[in-house]
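Student:
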Amino acid sequence: MRKMVAIPFAVAGAFVLASSSALAGAQQRHAANSQLWKPHGEVSGAEYKFQLDGKYCADPAQDFKKVWAVIRTEAEKAGFPATDIKKLKLRQGTKDYLDTPADALKHAGFIVRVNTRYEDGIAENPLRVSVKTSGKDAAFVLGTSLFTRGAKGKISAEDNPSLGQGGVMVSNVEKGVDLKLAPSQFEGMTLGEFTRYVPDLKKSGLPGNTKLEATRAYYRSATVGKITLGMGEAEAKLETWSRTAGGAPMLCEFSYGYEDVDYFKTPELVEAGDAFYRKVVLSPAVREMQLPGFEKFGGSKTRLLRNQPL
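Letter by letter, the sequence shown follows residues -24 to -1, 1 to 286 in mature numbering (1 follows the signal peptide of the UniProt record, and there is no 0).
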């Protein structure tokens, strides 16, 4: 699944919306999104996220199970059947978010990320590279093709719902292409090296010789279980981020969602996804583990990595 913004949750306990009101809100949001997005392209999924204090996942091999047990219990209380993964498989690696020091790519509506996975201490090769459109209107985000040249790529778009002002769920659509490149294919760390494979990066307006710098997160992640949402199952995942290799996690992110569906034809998934968020993610037992002070960084994990509050 692909990711995005979080909004401060400190006020979440200050309101409780009736189920009928929340359901109507989900239906209205789906209808509005469909009208706004459909003319510009397909959307095939959604992902919800919530940032937990890293101290709850200091030892992912053990703590992921403990955190998931809390979430699973709350899910079952709220009427969402949930199951454990038979064998937890931890993945680890680095995520490098590439941009200029002034975040010029992000301001232009693009995200470039390099994901390096490690197996027994050895980095995989080729590397997983993602180029996304984000933070602009639907015409730009969905209307930008992100076709690849000289490398095979998988293109998809998804909603990234979060909690907005007044307790209203809001949407943020992203589109991305995932491809694999060898480190030698972008060893100069210039925008032009990535534009060679994803020509739409030219729309950023930045010259090809623009040097890109990496904001690096060291991660450990695992699929911890499955949740029944509407007509299907959603994977539940936990992922820690650290600033240094082997360092203490600065956050632990819980995420769940669905993919490979026609978003416009599945309003029931939006309703179920929102309901899970309100009834489970915002339950006292889960909110107790919430990452404090995240709102100071505008819901941006990269700003948190760089310790750049708004």
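For every residue, glycine included, the Cβ atom is placed at its ideal position computed from N, Cα and C.
Since residue 255 and residue -1 should fall inside the 8 angstroms C-beta cutoff, what is the C-beta to C-beta distance between them, to a whole number of angstroms?
Tutor: Along the sequence shown, one-based indexing puts residue 255 at 279. Along the sequence shown, one-based indexing puts residue -1 at 24. Their Cβ separation, rounded to whole angstroms, is 16 angstroms, which puts residue 255 and residue -1 out of contact at 8 angstroms.
Student: Start and end of the alpha helix (DSSP H) containing residue 250?
Tutor: The count along the sequence shown starts at 1 and reaches residue 250 at position 274. Element bounds for residue 250: 243 to 252.
Student: Within a Cβ cutoff of 6 angstroms, which residues of the same chain sit near residue 94, ignoring the five residues on either side of it in sequence?
Tutor: Counting from 1 along the sequence shown, the entry for residue 94 is found at position 118. These residues qualify, in order along the chain: 68 and 69.
Student: Contact defined as beta carbons within less than 8 angstroms: I believe residue 249 pairs with residue 22. What is the distance between those atoms, to the nearest angstrom?
Tutor: Counting from 1 along the sequence shown, the entry for residue 249 is found at position 273. Counting from 1 along the sequence shown, the entry for residue 22 is found at position 46. Rounded, the Cβ-Cβ distance is 6 angstroms, consistent with contact.
Student: Pick out whichever of 174, 258, 153 and 51 has its Cα sitting closest to the Cα of residue 138.
Tutor: Start at 1 with the first residue of the sequence shown, and residue 138 comes out as number 162. For residue 138, the nearest C-alpha among the options comes from 258.
Student: For the alpha helix (DSSP H) holding residue 17, just list the boundary residues, first then last.
Tutor: Here residue 17 refers to the residue found at position 41 when the sequence shown is read from its first residue. Run containing residue 17: none; DSSP gives neither H nor E here.
Student: Classify residue 201 as helix, strand or coil using the three-state DSSP reduction.
Tutor: On the sequence shown, position 225 is the one that residue 201 refers to. Looking at residue 201 - three-state DSSP - the assignment turns out to be strand.
Student: Between residue 6 and residue 272, what straight-line distance do the alpha-carbon atoms span, to the nearest angstrom?
Tutor: For the purposes of this step, residue 6 is identified with residue 30 of the sequence shown, where counting begins at 1. For the purposes of this step, residue 272 is identified with residue 296 of the sequence shown, where counting begins at 1. Between residue 6 and residue 272, the C-alpha separation is close to 29 angstroms.
Student: Bridge partners for residue 344 per DSSP, in chain order?
Tutor: This structure does not reach residue 344, given that the chain is present from -24 up to 286, and the question cannot be answered.
Student: Can you list, in chain order, the residues of its chain whose CB lies under 6 angstroms from that of residue 279, leaving out five sequence neighbours each side?
Tutor: Translated into positions along the sequence shown, residue 279 becomes position 303. Around residue 279: 273.
Student: Can the beta-carbon of residue 104 be found closer than 8 angstroms to that of residue 191?
Tutor: For this step, residue 104 is matched to residue 128 along the sequence shown. For this step, residue 191 is matched to residue 215 along the sequence shown. It is not a contact, given that the beta carbons lie outside the stated cut-off.
Student: Sort 204, 64 and 261 by Cα distance to residue 196 and report the nearest one.
Tutor: The sequence position of residue 196 within the sequence shown is 220, counting from 1. Taking only the C-alpha atoms, the option nearest residue 196 is 64.
Student: For residue 153 versus residue 107, is the C-beta distance shorter than 8 angstroms?
Tutor: Residue numbering aside, residue 153 sits at position 177 when the sequence shown is read from its first letter. Residue numbering aside, residue 107 sits at position 131 when the sequence shown is read from its first letter. Against a cut-off of 8 angstroms, the Cβ pair of residue 107 and residue 153 comes out as a contact.
Student: Among 240, 81, 275 and 186, which has the Cα closest to the Cα of residue 16?
Tutor: Within the sequence shown, numbered from 1, the residue matching residue 16 stands at position 40. When each option's Cα is compared against that of residue 16, the closest is 240.
Student: What residue ranges within the region 77 to 111 form continuous beta strand (DSSP E) runs of no fewer than 3 residues, ordered along the chain?
Tutor: With a minimum length of 3 residues, the continuous beta strand (DSSP E) runs that stay inside the region 77 to 111 are 86 to 95 and 103 to 109.
Student: Is the Cβ-Cβ distance between residue 214 and residue 200 less than 8 angstroms?
Tutor: Here residue 214 is taken as the residue at index 238 of the sequence shown, counted from 1. Here residue 200 is taken as the residue at index 224 of the sequence shown, counted from 1. Closer than 8 angstroms, so yes.
Student: Go through the region 35 to 60 residue by residue and report every complete run of the beta strand (DSSP E) that reaches 3 residues or more, in order.
Tutor: The qualifying runs are 58 to 60.
Student: Over what stretch of residues does the alpha helix (DSSP H) that includes residue 300 continue unbroken?
Tutor: Lying outside -24 to 286, the shown extent of the chain, residue 300 is not represented and no answer is given.
Student: Tell me the residue span of the beta strand (DSSP E) that contains residue 269.
Tutor: Taking the first residue of the sequence shown as position 1, residue 269 is located at position 293. No beta strand (DSSP E) contains residue 269, which DSSP labels as neither H nor E.
Student: Given this structure, state the Cα-to-Cα distance separating residue 79 from residue 110, to the nearest angstrom.
Tutor: Translated into positions along the sequence shown, residue 79 becomes position 103. Translated into positions along the sequence shown, residue 110 becomes position 134. Residue 79 and residue 110: Cα-Cα distance of roughly 13 angstroms.
Student: Quick check: the Cα distance between residue 286 and residue 2, rounded to an integer number of angstroms?
Tutor: Here residue 286 is taken as the residue at index 310 of the sequence shown, counted from 1. Here residue 2 is taken as the residue at index 26 of the sequence shown, counted from 1. Answer to the nearest angstrom: the Cα atoms are 30 angstroms apart.
Student: Just mark residue 25 as buried or exposed, buried being the case when its beta carbon has 16 or more other beta carbons within 10 Å.
Tutor: As a working note, residue 25 is residue 49 in the sequence shown. Buried, by the Cβ-count rule.
Student: Keeping to the same chain, check which residues put their C-beta closer than 7 angstroms to that of residue 40; ignore five residues upstream and five downstream.
Tutor: Within the sequence shown, the letter at position 64 stands for residue 40. Once the five neighbours on either side are set aside, the close Cβ partners of residue 40 are 33, 64, 198, 200 and 214.
Student: With a cut-off of 8 angstroms, do at least 3 Cβ pairs link the region 42 to 51 to the region 156 to 168?
Tutor: No contact exists between the region 42 to 51 and the region 156 to 168.
Student: Where residue 262 and residue 253 are concerned, what is the direct C-alpha to C-alpha distance, given to the nearest angstrom?
Tutor: The count along the sequence shown starts at 1 and reaches residue 262 at position 286. The count along the sequence shown starts at 1 and reaches residue 253 at position 277. Between residue 262 and residue 253, the C-alpha separation is close to 11 angstroms.
Student: Kindly list the residues whose CB is nearer than 7 angstroms to the CB of residue 59, restricted to its own chain and excluding five residues on each side of it in sequence; keep chain order.
Tutor: Within the sequence shown, numbered from 1, the residue matching residue 59 stands at position 83. Excluding positions up to five away in sequence, the list reads 201 and 202.
Student: So the candidates are 98, 189, 194 and 228; which of them puts its Cα closest to the Cα of residue 265?
Tutor: Your numbering for residue 265 matches position 289 in the sequence shown. Of the listed residues, the one whose Cα sits closest to residue 265 is 228.
Student: With burial defined as no fewer than 16 other Cβ atoms inside 10 Å of the residue's Cβ, what is the status of residue 98: buried or exposed?
Tutor: In the sequence shown, residue 98 corresponds to position 122, counting from 1. Residue 98 comes out exposed.
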